[in-house]
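Okay, so here's the structure we're looking at.
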Amino acid sequence: MTGPVEDNAKCYPPPSVRACAHRLNSSDNVNKLLLVDYTGNRLVACGSIWQGVCQFLRLEDLFKLGEPHHRKEHYLSGAREADGMAGVVVGEDDWSADPKRKKPAKGGSRLFIGAAIDGKSEYFPTLSSRKLVADEESVNMFSLVYQDEFVSSQIKIPSDTLSLYPAFDIYYVYGFSSRSYVYFLTLQLDTQLTQMDAGGEKFFTSKIVRMCSNDTEFYSYVEFPLGCTKDGVEYRLVQAAYRQKPGRRLAQALGLSEEDDVLFVVFSQGQKNRSNPPRETVLCLFTLHDINLAMRERIRSCYRGEGRLSLPWLLNKELPCIHTPKQIGDDFCGLVLNQPLGGLRVIEGNPLYEDRTEGMAAVAAYTYGEHTVVFVGTRSGQLKKVGRAEGGGLPRCCSVRL
Numbered sequence: 001m002t003g004p005v006e007d008n009a010k011c012y013p014p015p016s017v018r019a020c021a022h023r024l025n026s027s028d029n030v031n032k033l034l035l036v037d038y039t040g041n042r043l044v045a046c047g048s049i050w051q052g053v054c055q056f057l058r059l060e061d062l063f064k065l066g067e068p069h070h071r072k073e074h075y076l077s078g079a080r081e082a083d084g085m086a087g088v089v090v091g092e093d094d095w096s097a098d099p100k101r102k103k104p105a106k107g108g109s110r111l112f113i114g115a116a117i118d119g120k121s122e123y124f125p126t127l128s129s130r131k132l133v134a135d136e137e138s139v140n141m142f143s144l145v146y147q148d149e150f151v152s153s154q155i156k157i158p159s160d161t162l163s164l165y166p167a168f169d170i171y172y173v174y175g176f177s178s179r180s181y182v183y184f185l186t187l188q189l190d191t192q193l194t195q196m197d198a199g200g201e202k203f204f205t206s207k208i209v210r211m212c213s214n215d216t217e218f219y220s221y222v223e224f225p226l227g228c229t230k231d232g233v234e235y236r237l238v239q240a241a242y243r244q245k246p247g248r249r250l251a252q253a254l255g256l257s258e259e260d261d262v263l264f265v266v267f268s269q270g271q272k273n274r275s276n277p278p279r280e281t282v283l284c285l286f287t288l289h290d291i292n293l294a295m296r297e298r299i300r301s302c303y304r305g306e307g308r309l310s311l312p313w314l315l316n317k318e319l320p321c322i323h324t325p326k327q328i329g330d331d332f333c334g335l336v337l338n339q340p341l342g343g344l345r346v347i348e349g350n351p352l353y354e355d356r357t358e359g360m361a362a363v364a365a366y367t368y369g370e371h372t373v374v375f376v377g378t379r380s381g382q383l384k385k386v387g388r389a390e391g392g393g394l395p396r397c398c399s400v401r402l
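Per the UniProt record's numbering, the sequence shown starts with residue 1, numbered consecutively.
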């Protein structure tokens, strides 16, 4: 947290650019995003003030290199909540050699950014791919990777969706890249369970979003519900996640290579109270192999003409899948048809460890020798080493208060 600075969430553009009719208040700048851009040898730090502007800091000493804030592309999120934004920096080497894909100019990275918009769909996309150019003060910084009159590197929540469900938003909990894909773990309003009445009870669902890292038009967008069940109790509110390469023993237990990725995810119980979730939490294990397999089979079935696209929040109507003969392999990145695509079944994780008192809120893992070691952080400030992820569960060995 830095600041305070004079700001008002209703000021767009921010008061640093243009005088605002609303009264300014002393506001803390809560950090919402902290990412390393290795290509540019700098840190990207985005906060809650001035509609989500970002600073660039030199890695060696955190010297401020720039703070672009004069163009609409520089404002990434107007939501004040610190847990609604996640990002993934993709370097130039991560682009495939697919000649059909439009690529940005050489010499820069791209930032995939997902952010809650707090109802301001006219100002902010919920998901976008932005340029990270060499000059921190360049007018091209954070501009969309691709844009023409028909398509662009962004997804916006439709105004029709916000008219039906004024509270609808997508909260981005964690983002990461794996091989040729970019993933986000999100929480969003469950429009199937929530009544349209703005004052009614709200239900949320966790989803994993995937796109090809070289997809500038977002034709490869797929999302699937994600969850975990332990002793017959459903856990559906994602709180934290961490991608990790498995150690040799865990890889053998899962039938994976040590070069494959696994995902440790913390869920809270039920589907209510997103902002104040239950303390009953569970740590679960997913394999990227199983997640990608479910997505590939869903894409294949749609290209066989089976079912519908099943993404009502984005499409506002049920569109049928169109039968199209197409070879769907692991590197398929979508066409102009049969997209965006929603998953029909919940991808279930394997429960490893349960905490019903303190509430887990963070998770990290690393490989030590042949072992995969997992740590969790609780809402009360406890850091727990919960064991080695080789068996069916994780015994807790020790904890320290931070």
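Think of the CB as a built atom: it goes at the ideal place given N, C-alpha and C, for glycine as much as any other residue.
Treat the numbers as computed from the prediction; the structure is a model and nothing was measured.
* To do: Examine the Cβ distances between the segment 112–125 and the segment 159–174 and report whether three or more of them are shorter than 8 Å.
  => Touching, per the Cβ criterion.
* Report the residue from L341, R210, Y366 whose alpha carbon sits nearest the alpha carbon of E306. => Here the question's residue 306 lines up with position 306 in the sequence shown. Comparing alpha carbon positions, the residue from L341, R210, Y366 closest to E306 is L341.
* Are the beta-carbon atoms of G47 and K32 separated by less than 8 Å? -> The residue labelled residue 47 in the question sits at position 47 within the sequence shown. The residue labelled residue 32 in the question sits at position 32 within the sequence shown. The answer is yes: Cβ separation under 8 Å.
* Hey, out of K120, S178, E149, whose CA is closest to K156's CA? -> If you number the sequence shown from 1, residue 156 lands on position 156. Closest by C-alpha distance to K156, out of K120, S178, E149, is K120.
* Asked: Do the segment 61–77 and the segment 132–150 make contact, defined as three or more Cβ pairs closer than 8 Å?
  -> Yes: the two stretches touch, three or more of their Cβ pairs being nearer than 8 Å.
* Can you check DSSP and say which residues form a bridge with D355? => Residue mapping note: residue 355 aligns to position 355 of the sequence shown, counting from 1. Answer is T281, bridged to D355.
* Asked: Span of the beta strand (DSSP E) holding N25?
  -> Residue 25 sits at position 25 when you count from the first residue of the sequence shown. Element bounds for N25: 25–29.
* Minimum C-alpha distance to Y183 - residue among N273, G87, Q192 -> Numbered from its first residue, the sequence shown carries residue 183 at position 183. The residue among N273, G87, Q192 with its C-alpha nearest the C-alpha of Y183 is G87.
* Asked: By a C-beta neighbour count over all protein chains shown, 10 Å radius and 16 as the cutoff for buried, is A167 buried or exposed?
  -> Mapped onto the sequence shown, residue 167 falls at position 167. Answer is exposed; the Cβ neighbour count stays below 16.
* So what does DSSP say about K326, is it helix, strand or coil? -> Numbered from 1 along the sequence shown, position 326 holds the residue referred to as residue 326. Of the three classes helix, strand and coil, the one that applies to K326 here is coil, per DSSP.
* Is the beta carbon of L362 sitting closer than 8 Å to the one on G377? -> On the sequence shown, position 362 is the one that residue 362 refers to. On the sequence shown, position 377 is the one that residue 377 refers to. Per the sequence shown, residue 362 should be read as Ala rather than Leu. Yes, Cβ-Cβ distance for A362 and G377 is below 8 Å.
* To do: Would you please state the rounded distance, in angstroms, between the beta carbons of F264 and Q244? I believe it to be under 8 Å.
  => Here residue 264 refers to the residue found at position 264 when the sequence shown is read from its first residue. Here residue 244 refers to the residue found at position 244 when the sequence shown is read from its first residue. 7 Å between Cβ atoms; contact.
* To do: List the residues that DSSP assigns as beta-bridge partners of G87.
  => Working through the sequence shown from its first residue, we reach residue 87 at position 87. Beta-bridge pairing links G87 to I113.
* To do: Tell me whether F224 is buried or exposed, calling it buried when 16 or more other Cβ atoms sit within 10 Å of its Cβ.
  => Indexing the sequence shown from 1 puts residue 224 at position 224. Counting Cβ neighbours within 10 Å, F224 comes out buried, since at least 16 surround it.
* To do: Name the two residues that bound the continuous beta strand (DSSP E) containing P268.
  => For the purposes of this step, residue 268 is taken as the residue at position 268 of the sequence shown. Rather than Pro, the amino acid found at residue 268 in this sequence is Ser. Annotation for S268: the continuous beta strand (DSSP E) segment containing it runs 262–269.
* Enumerate in chain order the residues of its own chain whose CB-to-CB distance from S143 is below 6 Å, with the five nearest sequence positions on each side excluded. => As a working mapping, residue 143 is identified with position 143 in the sequence shown. Once the five neighbours on either side are set aside, the close Cβ partners of S143 are E73, K131.
* Simplified DSSP assignment, three categories, for R80 -> Along the sequence shown, one-based indexing puts residue 80 at 80. Of the three classes helix, strand and coil, the one that applies to R80 here is coil, per DSSP.
* Would K10 be called buried (16 or more neighbouring beta carbons within 10 Å of its own) or exposed? -> In the sequence shown, counting from the first residue as 1, residue 10 sits at position 10. Around the beta-carbon of K10, fewer than 16 other beta-carbon atoms lie within 10 Å, marking it exposed.
* Closest Cα partner of P125 within the set S213, M85, N8 -> Here residue 125 refers to the residue found at position 125 when the sequence shown is read from its first residue. The shortest CA-to-CA distance from P125 to any of S213, M85, N8 is the one to M85.
* Asked: Which of the three DSSP states, helix, strand or coil, is assigned to I157?
  -> Here residue 157 refers to the residue found at position 157 when the sequence shown is read from its first residue. The answer is coil: DSSP assigns I157 none of H, G, I, E or B.
* Assigned exposure category for L59 - 16 Cβ within 10 Å defines buried -> Position 59 of the sequence shown holds residue 59. Flag for L59 reads exposed.
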